[in-house]
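In the working numbering, the protein residues as written are 9 to 262.
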């Protein structure tokens with residue numbers, strides 16, 4: 009009981025010092041630590057760790073809405089993750105189906121006008137997962153107030169390669185010339201087309217690397233690494249990341 013009171017006081021203490029005018033518009037998150045969390049719990053199925061991670065994502069979305077953050081992009085499943093044990097991959101696919109179907113009629117999604125979008129090589133996913141994704145995207149496609157982007161079947165290098173391929177096709181078709189190729193054109197052909205680059209990228213679990221996440225888009229992003237495993241992430245951990253971001257003097261190109 010006492011610990012909960014102290015936690016709420018600390019939560020309030022950090023929140024009161026945050027400047028609404030300096031809030032990042034776009035926060036991207038590498039949700040690391042689900043598997044490690046499951047192992048630390050003993051005989052807990054690794055998929056259970058991912059389930060708890062999905063619960064944490066819902067909390068983060070709530071906190072972001074509360075703070076006025078418009079865009080959240082999370083690294084949910086890389087192309088390399090297909091190489092994990094069969095049981096884990098199948099469990100994750102079922103979890104994706106369950107959660108995307110939940111989003112179709114999710115009260116918070118519609119109340120807060122959150123547009124759901126999946127970025128990545130979705131063609132690599134099973135048909136039933138692709139169908140669930142389409143249902144969630146279609147149910148929220150008319151919203152433009154807030155955005156929840158989930159990187160699934162994603163790899164930053166492949167994203168850049170795919171962008172170049174699209175541009176090459178446009179050049180070959182005579183729609184553009186080589187002289188038209190610039191940073192803006194590359195950005196327009198990424199999976200994240202139309203989405204502002206992230207102001208802040210957070211990675212949990214203590215690892216300090218991007219692991220191929222938003223390689224092009226992260227050129228000028230502020231990075232924040234915290235020790236907490238993703239399922240254990242608390243609001244104070246998230247607030248600390250925002251406080252750290254606001255305390256920095258952002259420099260572009262230096």
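Even glycine gets a Cβ: it sits at the ideal position worked out from N, Cα and C.
(message) Is the beta carbon of residue 206 closer than 7 Å to that of residue 34?
(response) Yes. Within cutoff.
(request) Using only alpha-carbon positions, find the residue among 250, 45, 125, 160 that is nearest to residue 202. (result) Measuring from the Cα of residue 202, the nearest candidate turns out to be 125.
(message) Starting from residue 82, trace the beta strand (DSSP E) in both directions and tell me its first and last residue.
(response) Here the beta strand (DSSP E) through residue 82 covers 79–86.
(message) Assuming contact is defined by CB atoms lying nearer than 7 Å, are residue 82 and residue 39 in contact in what I supplied?
(response) Yes.
(request) State the Cα-Cα distance for the pair residue 68 and residue 243, rounded to the nearest angstrom. (result) Whole-angstrom Cα-Cα distance: 8 Å.
(message) Suppose you measure from the CA of residue 210 to the CA of residue 128; what does that come to, to the nearest Å?
(response) Distance from the CA atom of residue 210 to the CA atom of residue 128, rounded to whole angstroms, is 19 Å.
(message) I believe residue 248 touches residue 22 by the beta-carbon criterion, under 8 Å. Please report the beta-carbon distance rounded to the nearest angstrom.
(response) Indeed they touch by this definition, with Cβ atoms about 7 Å apart.
(message) Just to confirm, is the Cβ distance from residue 71 to residue 221 under 7 Å?
(response) Result no, Cβ atoms of residue 71 and residue 221 do not sit closer than 7 Å.
(message) Quick check: the stretch 162–173 against the stretch 131–143, are at least 3 beta-carbon pairs closer than 8 Å?
(response) Counting Cβ pairs under 8 Å, fewer than three are found: no touch.
(message) Can you look up residue 241 in the DSSP assignment and give me helix, strand or coil?
(response) Residue state, collapsed to three classes: coil.
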